[in-house]
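**Student:** Pasting in a structure now, in structure tokens, and then I'll have a few things to ask.
In the numbering used here, the protein residues as written are 31 to 343.
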């Protein structure tokens with residue numbers, strides 16, 4: 031079987047990482063780059079020995095699969111063009127800016143028999159790999175995701191601020207929690223405020239599930255220090271894990287009382303694992319991507335409910 035021909039649409043910071051890492055996948059050949067800035071496209075294409083395209087559709091007809099790393103408000107337009115051209119799609123999170131767009135994209139991919147994967151890269155973080163193996167029936171989950179405000183860009187909004195902090199950052203934790211709990215969300219309570227942008231820059235959400243689990247999520251993009259942590263409480267113990275430091279602690283109640291121990295986290299490149307998963311799904315219909323279009327849509331629905339509550343408060 032010949033290698034999968036891949037392309038990248040949008041080569042800012044994240045798209046550049048996609049292009050670079052595809053070269054580390056034996057079954058993939060990077061064949062092309064598209065960016066709204068032709069000079070940037072030419073620069074990245076030259077760096078990685080592939081072609082720079084001046085048209086999205088032409089690239090998607092040349093490639094078997096594409097990564098899409100454009101601003102969120104462009105996800106739907108670009109992804110639907112790529113699917114219509116016959117290309118499998120990995121679109122960065124969130125899947126789209128609205129659930130209506132996400133529903134259309136999921137339906138389009140299904141009708142065309144094409145892979146639609148969403149770039150919730152934290153699913154491939156070794157911390158989550160560990161959690162998946164050690165969480166049975168979570169009762170309470172606490173997630174914190176804090177970042178500093180992105181720097182200004184000439185003629186453009188700061189990166190990520192075309193949407194609020196819920197769609198920019200909190201959606202990572204929404205997806206992870208939905209994945210871990212696997213139960214219906216029955217109640218959502220939120221607060222959030224704008225600080226440096228026109229949308230919410232700090233937000234807190236409390237999700238209650240039909241199984242009884244409760245999750246408390248906090249996201250900020252106006253913090254001094256970056257924080258990406260999760261704590262999961264279940265019967266007889268809890269896990270406290272740090273996404274950034276790739277380390278954690280487990281506390282377990284036993285006959286001798288509560289014992290604490292560090293947990294072993296085997297580090298790996300999460301984005302590379304995400305791309306490997308995408309290429310595998312493209313190459314084999316039997317391989318289901320870890321984060322499907324439907325998973326991305328499920329997370330977006332909750333995120334949209336949160337942002338709607340904040341806007342109406």
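Cβ coordinates follow ideal geometry from the N, Cα and C atoms, glycine included.
Here the structure is a predicted model, which is why all the values come from computation and not from measurement.
Just the Cα atoms here: how many angstroms apart are residue 222 and residue 230?
**Tutor:** C-alpha separation (whole angstroms): 6 Å.
**Student:** Does the separation of the CB atoms of residue 139 and residue 267 fall below 8 Å?
**Tutor:** no
**Student:** Is the beta carbon of residue 89 closer than 8 Å to that of residue 37?
**Tutor:** yes
**Student:** According to DSSP, residue 278 sits in a beta bridge with which residue or residues?
**Tutor:** 271
**Student:** Below 8 Å on the Cβ atoms is my guess for residue 327 versus residue 125; work out the distance and round it to an integer in Å.
**Tutor:** 6 Å
**Student:** Buried or exposed for residue 60, please, with buried defined as at least 16 other CB atoms from any protein chain shown within 10 angstroms of its CB.
**Tutor:** buried
**Student:** Rank 228, 237 and 117 by C-alpha distance to the C-alpha of residue 220 and give the top, closest one.
**Tutor:** 237
**Student:** Within a Cβ cutoff of 6 Å, which residues of the same chain sit near residue 183, ignoring the five residues on either side of it in sequence?
**Tutor:** With a pLDDT of only 49 at residue 183, under the threshold of 50, the placement of this residue in the model should not be trusted, and no figure is reported.
**Student:** Beta carbon of residue 45, beta carbon of residue 127: below 8 Å?
**Tutor:** no
**Student:** Output the boundary residues of the alpha helix (DSSP H) element that contains residue 113.
**Tutor:** 105-114
**Student:** Under three-state DSSP, which class holds residue 325?
**Tutor:** helix
**Student:** Checking 8 Å against the spacing of the C-beta atoms, do residue 195 and residue 232 come in under that value?
**Tutor:** yes
**Student:** Out of 96, 66 and 41, state which residue places its alpha-carbon closest to the alpha-carbon of residue 35.
**Tutor:** 96
**Student:** For a test of the three-state rule: what should DSSP assign to residue 244, helix, strand or coil?
**Tutor:** The answer is strand: DSSP assigns residue 244 an E or B state.
**Student:** Taking residue 269 as the reference, give the member of 200, 157 and 301 with the closest Cα.
**Tutor:** 157
**Student:** Alpha carbon to alpha carbon, what distance is there between residue 283 and residue 309?
**Tutor:** 42 Å
**Student:** Starting from residue 203 and walking both ways along the alpha helix (DSSP H), at which residues does that stretch end?
**Tutor:** Counted as a single uninterrupted DSSP element, the alpha helix (DSSP H) harbouring residue 203 occupies residues 201-211.
**Student:** As an exercise, report each continuous alpha helix (DSSP H) stretch of at least 4 residues that is fully enclosed by the stretch 276-318, in chain order.
**Tutor:** Runs found: 300-313.
**Student:** Decide if the stretch 162-170 is in contact with the stretch 311-318; the criterion is three or more beta carbon pairs, one per stretch, under 8 Å apart.
**Tutor:** no
**Student:** Would you kindly work out how many angstroms separate the C-alpha atoms of residue 56 and residue 297, rounded to a whole number?
**Tutor:** Distance between the alpha carbons of residue 56 and residue 297: 21 Å.
**Student:** Count the other C-beta atoms from every protein chain shown that fall within 10 angstroms of the C-beta of residue 186, then say buried if there are 16 or more, exposed otherwise.
**Tutor:** Its pLDDT being 49, under 50, residue 186 is placed unreliably by the model, and nothing is read from it.
**Student:** Under 8 Å Cβ to Cβ from residue 278, same chain only, skipping five residues before and after it: list those, please.
**Tutor:** So the list reads 157, 160, 269, 270, 271, 272, 292, 293 and 295, once near-sequence residues are dropped.
**Student:** Counting C-beta neighbours from all protein chains within 10 Å, is the total for residue 155 16 or more, i.e. buried, or is it exposed?
**Tutor:** buried
**Student:** Helix, strand or coil for residue 174, going by three-state DSSP, please let me know.
**Tutor:** Reduced to three states, the DSSP call for residue 174 is strand.
**Student:** Inspect the beta-carbon positions of residue 257 and residue 202 and report whether they are closer than 8 Å.
**Tutor:** no
**Student:** Where does the unbroken beta strand (DSSP E) through residue 259 begin, and where does it stop?
**Tutor:** 257-264
**Student:** From which residue to which residue does the beta strand (DSSP E) around residue 219 run?
**Tutor:** 215-223
**Student:** Does DSSP put residue 35 in a helix, a strand or coil?
**Tutor:** In the structure shown, residue 35 sits in a strand (DSSP, three-state: E or B).
**Student:** By DSSP, does residue 340 sit in helix, in strand, or in coil?
**Tutor:** Residue 340: helix per DSSP, three-state reduction.
**Student:** Per DSSP, residue 44 forms a beta bridge with which residues?
**Tutor:** According to DSSP, residue 44 bridges with nothing at all.
**Student:** Cutting at 7 Å between CB atoms, please list the residues of its own chain near residue 101, excluding the five before and the five after it.
**Tutor:** 192
**Student:** Kindly give me the distance between the Cβ atoms of residue 179 and residue 244, rounded to whole angstroms, as I take these residues to be in contact under 8 Å.
**Tutor:** 30 Å between Cβ atoms; not a contact.
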